[in-house]
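**Student:**
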Amino acid sequence: MLGERFVAAIGEAFAEELGDRRVDPLITPSKNTQFGDYQSNAAMSLAKQLKMKPRDVAERIVEKLDLGEIAEPLDASSIAGPGFINVRLRPEALASLVTELDRPGLGVEAEKQQTIVVDVCGVNLAKQMHVGHLRATVIGDAMARTLEKRGHKVVRQNHVGDWGLPIAMVTDKLMREVSAGHLSMDSVTLDDLDRLYKIAKEESSPDAKGLKAAERFSLGPKVQAELEAQVAGATENLERAKQALVKLQSGDPETVAVWQKLYDVTMAACMDTCQRLHTKITDEATAGESSFRDKLAGIVDLLIEQGLAEEDDGALIVRNEGLDPTLVRKSDGGFLYATTDLAAVRKRVQEIGADRVIYCVDARQALHFKQVFATAKRAGLARKAGAAEDSTLEHAPFGMVLGDDGRPFKTRSGENVKLGDVIDEAIERASTITKDKNPELSDEERARVAHTVAVAALKYADLSSDRVKDYVFDWDRMLAFEGNTGPYLLFAYVRIMSIFRKAGEQGLSSGFEDAELLIRESEEKTLALTLLRYPSTVAAVARSLEPHRMCGFLYELAGAFSRFFEKCQVLRAEDESVRLSRLRLCDLTARVLADGLDCLGIETLERM
RNA sequence: GCCCUGGUAGCUCAACUGGAUAGAGCAGCGGACUUCUAAUCCGCAGGUUGCAGGUUCGAGUCCUGCCCGGGGUGCCA
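Going by our numbering, the first sequence opens with residue 403, and the numbers climb by one from there.
Spelled out as structure tokens, the structure:
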């Protein structure tokens, strides 16, 4: 609304210079309330284009500007600094803007609908999920939810690492363990598989470096003999794994059955974790590497046909300008993960019909994705049939989770911390805190509250800092109720619910839905101005794929509400009209909080 | 070597993508509960934004060069 008036004024003031060109009025909320509520920074950018003094430009805009009933009258003092134009809304105008926000959808605008594939989760067979998967799951799901909020059709894809030599290795190991009577195929657990994976990997990695070192430093015949035996054994194991891979690829029933067991056990655990984390990642999202196994040769043939692939040292590579070559086929004829990802691009764009494909994957894969995207585009795999342009392929990278020592988050013995254990501990800690803070809750309700608070704390900690940076994992901070945390936001919501519960008891809970908003106190004004930022925040997250922006907004909203809560009595307001206005403001705040948290995949609570 | 990242208060993080005096929380100090959940709120103190140049009305943000950390770098995924 404000923007339109500025556009009109700018158009009028500079009709000669600009013609019909529409100029972005660059309206932003003022950072500092002493300047006003909103400001336009258009004069400065315009001055640069027109080679005029910014203040002169601002003056000409202000002369033509008609803000009439919207804002306090402008005068010379409205132009500040190099040419900021400061605007202070009239209370009625602010109230009417907030009233407009108060409708289904909370002002979030639907964009032209796109089909968007989001690559999430990224688990591997026979491996426990760890904190790295937490990020791919939680951030990916949050991006997906936010895009859905903007009206897009979002398809989550869980690109499970369920194929290739390492998997064949575990499959082989499991078969041997079962036939040796160490394990029963029926009762095998993910913990077993995780253990076997590590052993198998160890057993198949020849310690060539160690052997060389032993020779060089003359560590003695015994050490050398041991190492020689290790190398021989590893070489043999590796050979057997390769054979297992061949069997798997050729569909040998016995091998495939064991592989299926690995798959089922792993995915059951993965789905359980995704559910505990309250994500919308389900079985349908699964599209493992194995599902592309029959497409890889075709992809490579296509690259050869198009003259993109060339042989180098026995391997097949694609050279892309400015990038290291992409290896698409090994000299032994095997395919690589780049090949699989190329097949996945084709499926996502040409079968699913994605206009945009987003990979929520570890930042270490940055080069890999650059290579895959460049190759896919040149090969035409990223273009829908009949489309004029390639679909957008984006890597949304994220950093590592660190321990308080600044090193990757691991257990004392150096193992990855299992995600299931992390969730368990979060719940336990949340339960203890909840018992302490609110002893009145029944055991049943406390258990529910503890789960919701724990998951909120865990996810929020992961979402609230800049995605690409590493972050430090800290139980006390994420579960604290001070600062930018999940529990703090839930608490703000709970306080509102509490008001409505009390209102119900006193028979005051009706009639506020259409109440006239009276924005009088400064806390009410700040709360109202903050609420108005919700739609643009959703848009910013959808564009930038940075959920921490939503976190920042929600934290400010919760803070604005807390200050309002301290200062402005709701149920004991001075008169009925004020009470109804405040009830409506509370209700709207609650819905915006809940909707914003929903973008992040975080549930709210009635009590805590 | 080359490429990608990051460096902001003692600590953990922001800064709406070039806007006004760089903001929060923790830790420290000082206030506010007979009250709608004090799991909160208010105040004080804390800064050469790694360093040096450059671009312009204006730089934590952009460009160049250094310094430090993390990661990646053709036959693992």
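Each residue gets a CB set at the ideal place from its N, CA and C atoms; glycine is no exception. These numbers come from a predicted model, not from an experiment.
Once DSSP output is grouped into helix, strand and coil, what is the label at residue 859?
**Tutor:** Here residue 859 refers to the residue found at position 457 of the first sequence. If DSSP states are grouped into helix, strand and coil, residue 859 belongs with the helices.
**Student:** Pairing CB atoms from the stretch 934–951 with CB atoms from the stretch 546–565, are three or more of them under 8 Å?
**Tutor:** Yes, the stretch 934–951 touches the stretch 546–565.
**Student:** Take residue 512 as the anchor and find which of 422, 927, 937 and 969 has the nearest alpha-carbon.
**Tutor:** Along the first sequence, read from residue 1 onward, the residue named residue 512 stands at position 110. If we check each option's Cα against that of residue 512, 937 comes out closest.
**Student:** Where does residue 692 land, buried or exposed, given buried means 16+ other C-beta within 10 angstroms?
**Tutor:** Position 290 of the first sequence, counted from the first residue, corresponds to residue 692. Residue 692 comes out buried.
**Student:** For residue 564, is the classification buried or exposed, using 16 other Cβ atoms within 10 angstroms of its Cβ as the cut-off for buried?
**Tutor:** One-based indexing of the first sequence puts residue 564 at position 162. With 16 or more Cβ atoms within 10 Å of its Cβ, residue 564 is classed as buried.
**Student:** Note down the Cα distance separating residue 612 from residue 602, rounded to an integer number of angstroms.
**Tutor:** In the first sequence, counting from the first residue as 1, residue 612 sits at position 210. In the first sequence, counting from the first residue as 1, residue 602 sits at position 200. The alpha-carbon atoms of residue 612 and residue 602 are separated by roughly 19 Å.
**Student:** For residue 708, is the classification buried or exposed, using 16 other Cβ atoms within 10 angstroms of its Cβ as the cut-off for buried?
**Tutor:** The residue given as residue 708 occupies position 306 in the first sequence. Residue 708 should be labelled exposed.
**Student:** In three-state DSSP terms, what is residue 477?
**Tutor:** To locate residue 477, count along the first sequence from 1; it is residue 75. Three-state DSSP puts residue 477 in coil, outside helix and strand.
**Student:** One question on the structure: do residue 745 and residue 694 come within less than 7 Å of each other, judged by their Cβ atoms?
**Tutor:** Residue numbering aside, residue 745 sits at position 343 when the first sequence is read from its first letter. Residue numbering aside, residue 694 sits at position 292 when the first sequence is read from its first letter. It is a contact, given that the beta carbons lie within the stated cut-off.
**Student:** Measure the beta-carbon distance from residue 987 to residue 926 and round it to whole angstroms, keeping in mind my assumption that it falls under 8 Å.
**Tutor:** Within the first sequence, numbered from 1, the residue matching residue 987 stands at position 585. Within the first sequence, numbered from 1, the residue matching residue 926 stands at position 524. With a Cβ gap of about 7 Å, residue 987 and residue 926 count as contacting.
**Student:** Measuring straight from C-alpha to C-alpha, what distance separates residue 891 and residue 979?
**Tutor:** Translated into the one-based positions of the first sequence, residue 891 becomes position 489. Translated into the one-based positions of the first sequence, residue 979 becomes position 577. Roughly 28 Å separates the two Cα atoms.
**Student:** Please name the residue or residues paired with residue 713 in a DSSP beta bridge.
**Tutor:** Translated into the one-based positions of the first sequence, residue 713 becomes position 311. In DSSP, residue 713 forms a bridge with 718.
**Student:** Mind checking which residues open and close the alpha helix (DSSP H) that includes residue 574?
**Tutor:** Looking up residue 574 in the first sequence gives position 172. Residues 567–581.
**Student:** Does DSSP classify residue 584 as helix, strand or coil?
**Tutor:** For the purposes of this step, residue 584 is identified with residue 182 of the first sequence, where counting begins at 1. Residue state, collapsed to three classes: coil.
**Student:** Is the Cβ-Cβ distance between residue 856 and residue 889 less than 7 Å?
**Tutor:** As a working mapping, residue 856 is identified with position 454 in the first sequence. As a working mapping, residue 889 is identified with position 487 in the first sequence. No. Outside cutoff.
**Student:** Which of the three DSSP states is assigned to residue 518 in this structure?
**Tutor:** Taking the first residue of the first sequence as position 1, residue 518 is located at position 116. In the structure shown, residue 518 sits in a strand (DSSP, three-state: E or B).
**Student:** Quick one: is residue 480 buried, meaning 16 or more other Cβ sit within 10 Å of its Cβ, or exposed?
**Tutor:** Position 78 of the first sequence, counted from the first residue, corresponds to residue 480. Residue 480 comes out buried.
**Student:** So the beta strand (DSSP E) residue 442 belongs to, where does it begin and stop?
**Tutor:** On the first sequence, residue 442 is found 40 positions in, with the first residue counted as 1. Run containing residue 442: 440–442, per the beta strand (DSSP E) assignment.
**Student:** Taking the alpha-carbon of residue 528 as reference, which of 636, 998, 591 and 879 has the nearest alpha-carbon?
**Tutor:** Position 126 of the first sequence holds residue 528. Looking at the Cα atoms, 591 is the closest of the given residues.
**Student:** Among the residues of its own chain, which have a CB less than 8 Å from the CB of residue 989, if the five just before and after it don't count?
**Tutor:** Sequence index remark: in the first sequence, residue 989 carries index 587 (1-based). Taken in chain order, the residues that qualify are 898, 902, 914 and 915.
**Student:** Across which residues does DSSP place residue 491 in a beta bridge pair?
**Tutor:** Within the first sequence, residue 491 is the residue found at index 89, counting from 1. Paired residues: 473.
**Student:** I'd like to confirm the pairing. Which residues does DSSP put opposite residue 804 in its beta bridges?
**Tutor:** Counting from one through the first sequence, the residue named residue 804 turns up at place 402. 810 and 874, per the DSSP bridge assignment.
**Student:** With DSSP run on the structure shown, which of helix, strand or coil describes residue 939?
**Tutor:** Counting from 1 along the first sequence, the entry for residue 939 is found at position 537. The answer is helix: DSSP assigns residue 939 an H, G or I state.
**Student:** Select from 507, 440 and 826 the residue whose C-alpha is nearest the C-alpha of residue 476.
**Tutor:** For this step, residue 476 is matched to residue 74 along the first sequence. Of the candidates 507, 440 and 826, the one whose C-alpha sits nearest the C-alpha of residue 476 is 440.
**Student:** Can you tell which of 632, 728 and 962 has the C-alpha that lies nearest to the C-alpha of residue 616?
**Tutor:** Taking the first residue of the first sequence as 1, we reach residue 616 at position 214. The shortest C-alpha separation from residue 616 is found at 632.
**Student:** Can the beta-carbon of residue 508 be found less than 7 Å from the beta-carbon of residue 864?
**Tutor:** For the purposes of this step, residue 508 is taken as residue 106 along the first sequence, with counting starting at 1. For the purposes of this step, residue 864 is taken as residue 462 along the first sequence, with counting starting at 1. Contact flag unset, no.
**Student:** In chain order, what residues of the same chain have a beta carbon less than 8 Å from the beta carbon of residue 819, not counting five sequence neighbours either side?
**Tutor:** Taking the first residue of the first sequence as position 1, residue 819 is located at position 417. Cβ within range, chain order: 532, 533, 811, 812 and 813.
**Student:** Which runs of the beta strand (DSSP E) fall wholly inside the stretch 409–473 and span at least 3 residues, in chain order?
**Tutor:** As far as the stretch 409–473 is concerned, its whole beta strand (DSSP E) runs of at least 3 residues are 429–431 and 440–442.
**Student:** If you reduce the DSSP assignment to three classes, tell me which class residue 557 lands in.
**Tutor:** The sequence position of residue 557 within the first sequence is 155, counting from 1. Residue 557: strand per DSSP, three-state reduction.
**Student:** How about the stretch 819–828 and the stretch 957–972: do they share at least three Cβ pairs that are nearer than 8 Å?
**Tutor:** With a cut-off of 8 Å, the stretch 957–972 and the stretch 819–828 do not count as touching, because too few Cβ pairs lie within range.
**Student:** For residue 1010, count neighbouring Cβ atoms within 10 angstroms of its own Cβ and tell me buried if that reaches 16, exposed if not.
**Tutor:** Locating residue 1010 in the first sequence gives position 608, where the first residue counts as 1. Per the 10 Å Cβ criterion, buried.
**Student:** Given residue 618, which residues of its chain have a CB within under 8 Å of its CB, disregarding the five upstream and five downstream residues?
**Tutor:** In the first sequence, residue 618 corresponds to position 216, counting from 1. There are no such residues.
**Student:** In angstroms, rounded to a whole number, what distance separates the CA positions of residue 520 and residue 535?
**Tutor:** Within the first sequence, residue 520 is the residue found at index 118, counting from 1. Within the first sequence, residue 535 is the residue found at index 133, counting from 1. Going from the Cα of residue 520 to the Cα of residue 535 covers about 15 Å.
**Student:** Between which two residues does the alpha helix (DSSP H) carrying residue 926 extend?
**Tutor:** By 1-based counting over the first sequence, the position of residue 926 is 524. 924–933 is the span of the alpha helix (DSSP H), which, as asked, contains residue 926.
**Student:** Is it buried or exposed, residue 434, if we count other Cβ atoms within 10 angstroms and call 16 or more buried?
**Tutor:** By 1-based counting over the first sequence, the position of residue 434 is 32. Answer is exposed; the Cβ neighbour count stays below 16.
**Student:** As a quick exercise: from 418, 801 and 417, pick the residue whose alpha carbon is nearest that of residue 764.
**Tutor:** For the purposes of this step, residue 764 is identified with residue 362 of the first sequence, where counting begins at 1. Nearest of 418, 801 and 417 to residue 764, Cα basis: 801.
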